[in-house]
Amino acid sequence: MGDTKGTVVAGDNGKGNRLDQLSYPSYVYVDRDHSVYVSDYLNDRVMKWEQGAKQGIVVVGGQGEGNSPTQLSSPQGVIVDQLGTVYMADSGNHRIIRWPKETTQGSVVVGENGPGAQSNQLNCPIGLSFDRH
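FYI, the working numbering numbers position 33 of the sequence shown as 191, with every residue one higher than the one before it.
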């Protein structure tokens, strides 16, 4: 208590697509190891900054905008489970995807049938959270 200044933990090198930059960061998740995950909306990727890191690691996407298993479109909500699996609200593709730790592509959990209100559809999902029970 009493601190009047924050500490930058991700980015702070201007807008861009380098590993030390972000372009419209939209959602943040902090895991139990204090690593910070950031949805980098305009770069169509999720970045991870380990505690004290000067640059991030691309953990999801980063292959340009698209709908293949290696791509994202306008990523939003992000959460990480105890095994390091990243779950992402892939808003532009109307789906929730799962990327197991250290893999090169994700798999669809729900959605990917275009935008809509049917039980197998989502319409621009934004937020994401886990029910641990």
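Idealized CB from N, CA, C, for every residue including glycine.
Across which residues does DSSP place residue 216 in a beta bridge pair?
Taking the sequence shown and counting its residues from 1, the one referred to as residue 216 is at position 58. According to DSSP, which records beta bridges pairwise, residue 216 is partnered with 205.
Taking the beta strand (DSSP E) that residue 268 falls in, what are its first and last residues?
Position 110 of the sequence shown holds residue 268. First-last of the beta strand (DSSP E) with residue 268: 265-269.
Among the candidates 212, 233, 262, whose CA atom is the shortest distance from the CA of residue 171?
By 1-based counting over the sequence shown, the position of residue 171 is 13. When the alpha-carbon of residue 171 is set against those of 212, 233, 262, the nearest one is in 212.
I'd like to know whether the C-beta atoms of residue 196 and residue 204 end up nearer to each other than 8 Å.
Counted from its first residue, the sequence shown places residue 196 at position 38. Counted from its first residue, the sequence shown places residue 204 at position 46. Their beta carbons are under 8 Å apart, which means residue 196 touches residue 204 by this criterion.
Would you list the residues sitting across from residue 187 in a DSSP beta bridge?
Reading the sequence shown from its first residue, position 29 is the one you call residue 187. DSSP, once it has assigned bridges, lists 195 as partnering residue 187.
Mark residue 202 as exposed unless 16 or more other C-beta atoms lie within 10 angstroms of its C-beta, in which case mark it buried.
Taking the sequence shown and counting its residues from 1, the one referred to as residue 202 is at position 44. Buried is the call here.
Between the Cα of residue 168 and those of 191, 214, 200, 248, spot the shortest distance and give me the residue it belongs to.
The residue you call residue 168 lines up with position 10 of the sequence shown. Of the listed residues, the one whose Cα sits closest to residue 168 is 214.
Closest to residue 251 by C-alpha separation, out of 259, 231, 237, would be which residue?
By one-based count along the sequence shown, residue 251 stands at place 93. Of the candidates 259, 231, 237, the one whose C-alpha sits nearest the C-alpha of residue 251 is 231.
Bridge partners of residue 120, per DSSP?
An answer regarding residue 120 cannot be provided, because it is not within the stretch 159 to 291 covered by the chain.
If you run the structure through DSSP and keep just helix, strand and coil, what is residue 102?
Here the chain comprises residues numbered 159 to 291, so residue 102 is not present and cannot be evaluated.
Taking a contact to mean a Cβ-Cβ separation below 8 Å, would you say residue 235 touches residue 185 in this structure?
Counting from 1 along the sequence shown, the entry for residue 235 is found at position 77. Counting from 1 along the sequence shown, the entry for residue 185 is found at position 27. In contact: residue 235 and residue 185 (Cβ atoms closer than 8 Å).
Could you tell me the distance, in whole angstroms, from the CA atom of residue 209 to the CA atom of residue 192?
Here residue 209 refers to the residue found at position 51 of the sequence shown. Here residue 192 refers to the residue found at position 34 of the sequence shown. Approximately 6 Å between the Cα atoms of the pair.
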